[in-house]
Amino acid sequence: QSRFSTLRPAQTDGPFALDAAFRADTDPRKVNLIIGAYRDDREEPWHLPSVTEAKRRLKVEHSHHEYLPLQGSPKFVEASRRVLFGPAIVQQQQPFLASIQTVSGTGANSLVAVFLEQEHLRPTNIWLPNPTWINHADIWKVNAPNVKMQWYPYYDDAKRELDFGAMVETLQRDCQEHDAILLHACAHNPTGRDPSQRQWRELAQLCLKKRLFVIFDSAYQGFASGDLDSDAWAIRHFVSYPSIELAVCQSFSKNLGLYGERVGALHMMVSRSNPNGANLAAAVQDNLIDLQRACVSMAPLFGSRIASEVLGNSDLEEMWKADLSTMSGRIKAMRSALHDELLQLRTPGSWDHITEQTGMFSYTGLSKEQVEELQLKHHIYLLPTGRASMCGVTSANVSYIARAIHEVVS
Ligand code: PMP
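Going by UniProt numbering, the sequence shown runs without a break in its numbering and finishes at 421.
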């Protein structure tokens, strides 16, 4: 008799299981469109020149390995605020801001869920977009079991467009006051479709009216458009409403290529119209530190050193901005190349969504059966939902991918 005999079989995470199948595939033509990490045009992980230079300057062989403070590296936290909100907002709103270094974006998402699970703060519902990043539902299930998970419609499969009408209608009708809502700051994963500025304005009004607690997940700042400020526009717009209280889960995995180092932060902004706001922010800060202490003690050191070095030196920051253009530029070029190949082949259907979507992924619109056929016949791997990572597309394999797609849809 074992206490573990009642364990339910684990649902191995879809993308990771598929990745194992890809590795086991011995066909030389195989293509990996699963990966959520940038690859260069030779399908290799890319060493960002800004990060390489930061590591050189840090002289890592001489650095110590002490604990970080519980809040994280003060230099890193300060720099991450500036990148996210811009210097003007940081200067004006600093008293209302609580920030803590986290175990990357996942850690920030988990910590905000743990924070809201506390009885005296707990919203009735957390509203997640349907679809969303595969891990959001599990994060909320594990960390905030008493907050009810609700889904708002996000995507119109037939039109391959954001379904803004349905989204707003559902939120207007079904959100309760003080509920929490999760929004992707840019480059929505998996659909690659974001609200326009006009639509973001409307959403901000809705959140204000319903007194929603807004959680932005910002995993792709600068990686999507190539420009840090454009990709943070929605967050900064919401901040312009003094009574909207919000959290931002910030990840540096993609934009600094520090995936395995787990570099991120959670920022919380309390009401700027409450005269007691500064005291509330200090209380939030202490509470976050307590919760983080119980979960992981403190975030990892090494990656935040690299990030601080890049963000804290203007010459390295300029190099980083060039790196962001390189990465987003290659992805955009591959979107165009795939789109053009499909058009040239006269592949049935419209493929404009491939170039219109932004960020790492393309929501191709391919059916589960077509995805299966791509894998079995052509050794091309993508998620069953039809989500393809554009990072796996290269100038060498784009024609092969287009011909395979042509075959499965014709
Ligand atoms: N949020 C979204 C929307 C993501 O796509 C990801 C990464 N796939 C994350 C958060 C978390 O990434 P990390 O923990 O590496 O920062």
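For glycine and all other residues, C-beta sits at the position ideal for the given N, C-alpha and C.
A quick note: this is a predicted structure, and the numbers were derived from the prediction, not measured.
- Between Trp-162 and Asn-136 the beta-carbon gap is near 10 Å, outside 8 Å, which marks them as no contact.
- Not one heavy atom of the ligand PMP falls within 6 Å of the beta-carbon of Trp-151.
- Between the beta-carbon of Gln-112 and that of Ser-74 there is about 17 Å, and that puts the pair past the 8 Å contact cut.
- For a cut-off of 8 Å, the C-beta gap from Asn-154 to Glu-128 is around 6 Å, short enough to register as a contact.
- Relative to the ligand PMP, the beta carbon of Asn-154 is positioned no closer than 6 Å to any heavy atom.
- Within the model, the alpha-carbon separation for Asp-238 versus Ala-245 is close to 13 Å.
- Taking all protein chains in view, the Cβ of Ser-339 is crowded by 16 or more other Cβ atoms within 10 Å, so the residue is classified as buried.
- Annotation: the continuous alpha helix (DSSP H) that includes Asn-120 extends over 115-128.
- In the structure shown, the three-state DSSP call for Leu-193 is strand.
- With respect to the C-alpha of Ser-406, the residue from Ala-344, Lys-70, Ala-276 having the closest C-alpha is Ala-344.
- If you compare the alpha carbons of Val-382, Pro-26, Ser-315 with that of Val-419, the shortest gap goes to Val-382.
- Within the same chain, and ignoring the five residues on either side of Trp-151 in sequence, the residues whose Cβ sits closer than 8 Å to its Cβ are Ala-124, Ile-137, Leu-139, Val-158, Met-160.
- C-alpha of Gly-403 to C-alpha of Asp-36: approximately 16 Å in a straight line.
- Taking 6 Å as the cut-off, one finds at least one heavy atom of the ligand PMP near enough to the beta carbon of Asn-200.
- Spatial neighbours of Leu-69 in its own chain (CB-CB distance under 8 Å, excluding positions within 5 residues in sequence) are listed in chain order as Arg-316, Ile-317, Glu-320.
- Rounded to the nearest angstrom, the Cβ distance from Gly-376 to Arg-171 is 5 Å, consistent with a contact under 8 Å.
- A residue is called buried when at least 16 other Cβ atoms come within 10 angstroms of its Cβ; Arg-209 does not meet this threshold and is exposed.
- With a 10 Å radius around the Cβ and a threshold of 16 neighbouring Cβ atoms, Ser-16 comes out exposed.
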